[in-house]
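Trainee: Have a look at this one before I ask anything.
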Amino acid sequence: MQTQTNQDYGAFLLRLSFAVILLAHASLKIFVFTVPGTVGYFESIGLPAIAAYLTILGEIAGGIAILLGLYTRLAAILSVPIMMGATWAHAGNGWVFSAEGGGWEFPALLTVLAIVVAIQGPGAWALRKLPVIDAYIPDALKA
0 MQTQTNQDYG AFLLRLSFAV ILLAHASLKI FVFTVPGTVG YFESIGLPAI
50 AAYLTILGEI AGGIAILLGL YTRLAAILSV PIMMGATWAH AGNGWVFSAE
100 GGGWEFPALL TVLAIVVAIQ GPGAWALRKL PVIDAYIPDA LKA
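Each residue of the sequence shown is one higher than the last, beginning at 0 in numbering that gives the first Met the number 0.
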């Protein structure tokens with residue numbers, strides 16, 4: 000039996016999982032690859048340095064917002080281009096993520112996950128919105 004409560008908890012688990020993945024990947028870029036290393040990698044695949052900084056910022060800000068359930072739909076939608084970029088970056092490595100350099104299956108799955116989180120909304124245990132910035136966010140993205 001599917002109840003609203005079950006759906007809310009399912010959406011929460013999905014939201015939590017996606018947020019943890021975003022924050023883990025941001026941490027990897029900062030603490031393991033280092034910011035200069037991440038910038039260098041982005042430039043080596045033809046992307047401008049600003050794309051690396053925006054990706055790290057997007058993963059941190061989006062990860063925190065999604066984790067807290069704060070403007071979840073907006074944060075998830077804004078993470079879709081990051082996930083699509085990761086899919087593109089890994090496309091030449093083949094499908095399977097265990098391939099050398101990582102394949103594109105995992106980033107593609109994360110793209111779909113971001114879309115599902117945006118559709119589902121935050122679920123249970125979410126802050127939802129902040130009155131201070133609420134006036135600037137379209138109603139459809141306030142959940």
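Note that CB positions come from ideal geometry on N, CA and C, so glycine has one too.
Drop a sphere of 10 angstroms on the beta-carbon of residue 47, count the other beta-carbons inside from all chains shown, and report buried for 16 or more, exposed for fewer.
Mentor: Here residue 47 is taken as the residue at index 48 of the sequence shown, counted from 1. Per the 10 Å Cβ criterion, exposed.
Trainee: So the candidates are 99, 129, 49 and 72; which of them puts its Cα closest to the Cα of residue 13?
Mentor: For this step, residue 13 is matched to residue 14 along the sequence shown. If we check each option's Cα against that of residue 13, 72 comes out closest.
Trainee: Rounded to the nearest angstrom, what separates residue 88 and residue 132 at their Cα positions?
Mentor: By 1-based counting over the sequence shown, the position of residue 88 is 89. By 1-based counting over the sequence shown, the position of residue 132 is 133. The alpha-carbon atoms of residue 88 and residue 132 are separated by roughly 34 angstroms.
Trainee: Check the C-beta distance from residue 37 over to residue 55 and give it rounded, since I have them as a contact under 8 angstroms.
Mentor: As a working mapping, residue 37 is identified with position 38 in the sequence shown. As a working mapping, residue 55 is identified with position 56 in the sequence shown. With a Cβ gap of about 7 angstroms, residue 37 and residue 55 count as contacting.
Trainee: Please say whether residue 116 and residue 75 have beta carbons closer to each other than 7 angstroms?
Mentor: As a first step, residue 75 must be located in the sequence shown, where it is residue number 76. As a first step, residue 116 must be located in the sequence shown, where it is residue number 117. Their beta carbons are under 7 angstroms apart, which means residue 75 touches residue 116 by this criterion.
Trainee: The alpha helix (DSSP H) that contains residue 92, what's its start and end?
Mentor: Walking along the sequence shown from the start, residue 92 turns up at place 93. Counting along the chain, residue 92 falls outside any alpha helix (DSSP H), and DSSP gives it neither H nor E.
Trainee: With a threshold of 16 other CB atoms inside 10 Å of the CB of residue 70, please say whether the residue is buried or exposed.
Mentor: The residue labelled residue 70 in the question sits at position 71 within the sequence shown. When all chains shown are included, residue 70 counts as buried.
Trainee: According to DSSP, simplified to helix, strand and coil, what is residue 112?
Mentor: Taking the first residue of the sequence shown as 1, we reach residue 112 at position 113. Of the three classes helix, strand and coil, the one that applies to residue 112 here is helix, per DSSP.
Trainee: Tell me the DSSP bridge mates of residue 21?
Mentor: In the sequence shown, counting from the first residue as 1, residue 21 sits at position 22. DSSP output for residue 21 lists no bridge partner at all.
Trainee: Can you tell me whether residue 49 is buried or exposed? The criterion is at least 16 other CB atoms within 10 Å of its CB, across all chains shown.
Mentor: Residue mapping note: residue 49 aligns to position 50 of the sequence shown, counting from 1. Counting Cβ neighbours within 10 Å, residue 49 comes out exposed, since fewer than 16 surround it.
Trainee: Determine the burial state of residue 110: buried for a count of at least 16 other Cβ atoms within 10 Å of its Cβ, exposed for fewer.
Mentor: In the sequence shown, the residue the question calls residue 110 occupies position 111. Buried, since its Cβ has 16 or more Cβ neighbours within 10 Å.
Trainee: Go ahead and pull the three-state DSSP assignment for residue 126.
Mentor: Here residue 126 is taken as the residue at index 127 of the sequence shown, counted from 1. Coil.
Trainee: What is the rounded straight-line gap between the Cα of residue 31 and the Cα of residue 23?
Mentor: If you number the sequence shown from 1, residue 31 lands on position 32. If you number the sequence shown from 1, residue 23 lands on position 24. If you take the alpha carbons of residue 31 and residue 23, they lie about 11 angstroms apart.
Trainee: Output the distance between the C-alpha atoms of residue 86 and residue 105, rounded to the nearest integer angstrom.
Mentor: In the sequence shown, counting from the first residue as 1, residue 86 sits at position 87. In the sequence shown, counting from the first residue as 1, residue 105 sits at position 106. Straight-line Cα distance between these residues: approximately 8 angstroms.
Trainee: I'd like to check one pair, residue 18 with residue 59: are the Cβ atoms closer than 7 angstroms?
Mentor: Numbered from its first residue, the sequence shown carries residue 59 at position 60. Numbered from its first residue, the sequence shown carries residue 18 at position 19. No.
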